[in-house]
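Sequence lines, in order, name chains A and B.
Take the first sequence: its position 79, counting from 1, is numbered 136 in this note's numbering, and each next residue is one higher.
Take the second sequence: its position 28, counting from 1, is numbered 32 in this note's numbering, and each next residue is one higher.
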Amino acid sequence: MSASSDNTPSESDLRELAQVPIFQRLGARELEQLCRIANRESFKPNTVVFFQGDRADKLYVILSGGAKVYRQAEDGRQKIVGTLGPREIFGELTLLDGRERSATVETIAQTEMRSVAHRDFRAVATKNPDILWRVMEALCERIRGLNEETLNLAFEELPYRIVQALDELVEKRGKPGAGGRIVVETTPADIGQRVGADRQETCRVLKMLSKRGLLELDADEVVIPDARALKRALEYAHEWF
Amino acid sequence: MVLVRRGNVAAEWRARRAGTLAPTLLLASSLVSSSAEAHERFVKHRLKTPLHDEFFLQGPGLMGIHPDLLRIATTVFTILVALMLLWYLREPIGETVERRIVRRLGGGAQQIVHQLAGFLTDKPVRARWFQVLREWCVILFLRSPGLVLMYSATNDSLVMPSYPLDPASAEIFKFIQVGLAILILTQTALPLCGAMIIGTWIYLFRWGWMVAIDAMPVLTVAVVYVTSPWQSHKLAIIDINEKQMRWLRLTLGVGFWALGWLKLYNHDLIAGVADSFPNIMNDPMVRLLKMGTSPGWPRETWVAAFGLAEVMTGFFVVVGIFSRVWTLIMAFVFTKLMLVDFGWHEIPHIYPIAALLAVMSSNKLTSEFERIERIEERLGRSGKSLKQALTILGASVIVAFLVVFPMLYATTFLDRSKL
């Protein structure tokens, strides 16, 4: 973890921030100002950035790597509510309501971030209200995602939810493998946490999908031979039950 | 339309419930009148040599308080201020520790340290093992009074051997105690059980207020019983809700706070216990509070330190500051007293121990200082750091002063000749 301490930010630093959607409409001067107040932080894989219930005082922007967002029940069970990738922001909810963190954010790979203290962010946003519109856009996207998830949990069977989760993983975390395959580093437990199912039930459905040739299971990764076939499977996953 | 109807039903239900509880309480009070004939501490408490009464009364020191007593009170005041400051600063301290040290560990180690920090600062500990522990503690807490009642029925006493039953009415009260114990152990009609316990306590208060203060921890379980559903026998009660936990904490804390002042008032009793069991004088917290006092009057300073330690502990539990740490310490102290110092006769202390464990394992702890914390947090967020620091410091100093000194000053005027 290191903070950018020099007064004049480098060209690459400015470019990095300018690529983040919420800062895209900022002028060079504002970007420079933002660069000065945004600390660069580096996280190892599987490191928690903040925990659910923590007091919130920062907004984060992912520069590289990724993180999962999850909520924990009283008995420690986790429900993954989202995955974040480069140029995405998190920690914006508490910026608006001032309450404690609503979920835990944990890195899934070596991750570089920029963190801005809420106080500093407010100062920048007061001068450039457009930033707040972008923050609201990010929030709206999250609300839409949660709405869809609620609908899926209420009306869709487990195979559909798992195929959908895999499709999302392919889009966000998929790495190209040999012969057009897509490799996703994940485990049945991780997939189960995304769809709200236990490990046993998730493994059963994954094996069924494997038999249908939609995926190949490995120790800590899932290989998708044909990503388009997986997407098409969403159309007939209802019929598997 | 629907809302109105629902409201009416709720109001009707509340009225019906209140209508059932009030006569139950009265009935319970009348049932237990004349139950205990005399109170004497079951633990031996004969004074070997009299205490110097002037230590506890108005004398030549500042405000008429003995210098050693004042020194102990000042130490308690300092600890109160320090721990309240630590409480207000727990978030920034925790954050610094997590960022500078724990994040480097990552993975499981980070989760373990976070859980430990959550435990120490009364935050929810989200882990399977903690949930299992909580469930077990709640079951023990809800049932232990039943075990105690069974034990006392076989010892011709009311709840504790300290309160022997009048031989003329002992038989009927033993039946009542066993009946109540069966209801508790089978979790049947818990509101009735709660009302009977509260009724007994009200009777004890009428009979002797010092005895009632001694028995205050039993009210903690009564609070939970009274607020349980009448169909309790059909339910698996394995958690205590936030409202119940707040009342449990308040009752428990007020009990210890009052017991602490009672030790200073009725100092001969606790000094007598120490004369009979000198081991109990070897307590690390009491030693800390006694630091710097003159060695001439060790028993007097011990009584004062012990009493004020209980006042301090009770206060922290009442306001919900480091509740888990304090209840864990107290559970340890009580268990040690029961198993090591006094022996198995003190087994009825299992119910305050269970109450302490129920608080310690709860994930629904609140603090009475949340309003001050919100002000402090708002000031911090708006960058008013000096105002924030002054608010924290001012609130801590004022509260700590009010907790210790006015009451201590008042106790130096109390007449103990009729004790």
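Yeah, the Cβ is synthetic: ideal placement off N, Cα and C, and Gly gets one too.
- Sequence-ordered contacts of the region 230-255 of chain A with chain B are nonexistent [C-beta pairs closer than 8 Å].
- Taking a cut-off of 8 Å on C-beta distances, the region 145-160 of chain B touches the region 182-201 of chain B, as three or more cross pairs fall below it.
- Collapsing the DSSP output to three states places glutamine 129 (chain A) in a strand.
- Straight-line measurement puts the Cα of arginine 171 (chain A) at about 6 Å from the Cα of alanine 95 (chain A).
- Only those residues of the region 91-113 of chain B whose C-beta falls short of 9 Å from the nearest C-beta of chain A are listed: Glu95, Pro96, Gly98, Glu99, Glu102, Arg103, Arg104, Val106, Arg107, Arg108, Leu109, Gly110, Gly111, Gly112.
- Taking 7 Å as the cut-off between beta carbons, none of the residues of the region 286-310 of chain B comes near chain A.
- By the Cβ rule, the region 118-137 of chain A does not count as touching the region 178-192 of chain A, because fewer than three pairs are nearer than 8 Å.
- Taken atom to atom, the span from the alpha-carbon of phenylalanine 134 (chain B) to that of phenylalanine 147 (chain A) is near 29 Å.
- Bounds of the alpha helix (DSSP H) holding phenylalanine 134 (chain B) are 132-158.
- If you draw a straight line from the Cα of glutamate 58 (chain B) to the Cα of aspartate 287 (chain B), it comes to about 25 Å.
- Annotated three-state conformation of alanine 414 (chain B) is helix, per DSSP.
- The alpha-carbon of asparagine 103 (chain A) is positioned some 12 Å away from that of valine 106 (chain B).
- In this structure valine 162 (chain A) touches phenylalanine 107 (chain A) by the C-beta definition: roughly 6 Å separates them, less than 8 Å.
- For the 8 Å CB-CB criterion, isoleucine 119 (chain A) and leucine 91 (chain A) do not form a contact.
- One Cα belongs to alanine 278 (chain B), the other to alanine 309 (chain B), and the distance between them is close to 13 Å.
- Residues of chain A with a Cβ closer than 8 Å to the Cβ of asparagine 367 (chain B) are, in chain order, Glu131.
- Assignment of alanine 294 (chain A) by DSSP, reduced to helix, strand and coil, places it in the helix class.
- By the C-beta density criterion, methionine 295 (chain B) is exposed, having fewer than 16 other C-beta atoms within 10 angstroms.
- Under DSSP, glutamate 98 (chain A) forms a beta bridge with A:Met170.
- According to DSSP, glutamine 135 (chain A) shares a beta bridge with A:Gln129.
- Going by beta carbons, serine 232 (chain B) and proline 195 (chain B) fall inside the 8 Å limit.
- Setting aside the 5 residues that flank it on each side, methionine 164 (chain B) is surrounded in the same chain by Pro352, each with a C-beta closer than 6 Å to its C-beta; the list follows chain order.
- For the set B:Tyr229, B:Ile244, B:Leu312, B:Gly259, the Cα lying nearest the Cα of tryptophan 213 (chain B) is the one of B:Gly259.
- With a contact defined as Cβ atoms closer than 8 Å, tyrosine 269 (chain B) and leucine 418 (chain B) qualify at about 6 Å.
- Around the C-beta of leucine 208 (chain A), fewer than 16 other C-beta atoms lie within 10 Å, and the residue is accordingly described as exposed.
- Less than 8 Å divides the Cβ of methionine 289 (chain B) from the Cβ of alanine 313 (chain B).
- By the neighbour-count criterion, in which 16 or more other beta carbons inside 10 Å mark a residue as buried, valine 344 (chain B) falls on the exposed side.
- Residue contact check for histidine 271 (chain B) against chain A: no CB pair falls below 8 Å.
- For threonine 104 (chain A), the neighbours in chain B by C-beta distance under 7 Å run, in chain order, Arg107, Gly110, Gln114.
- Residue-level contact by beta carbon fails for phenylalanine 147 (chain A) and chain B, as no gap is shorter than 8 Å.
- Among the residues of chain A, those whose CB is under 8 Å from the CB of glycine 387 (chain B) are Arg176, following chain order.
- With fewer than 16 other beta carbons inside 10 angstroms of its own, lysine 264 (chain A) counts as exposed.
- Listed along the chain, the chain A residues whose CB falls inside 8 Å of the CB of arginine 130 (chain B) are Gln109, Gln129, Ala130, Glu131, Asp132, Gly133.
- Between isoleucine 143 (chain B) and isoleucine 242 (chain B), the C-beta spacing is below 8 Å.
- Per DSSP, the continuous beta strand (DSSP E) segment holding lysine 115 (chain A) begins and ends at 115-121.
- For phenylalanine 107 (chain A), the three-state secondary structure derived from DSSP is strand.
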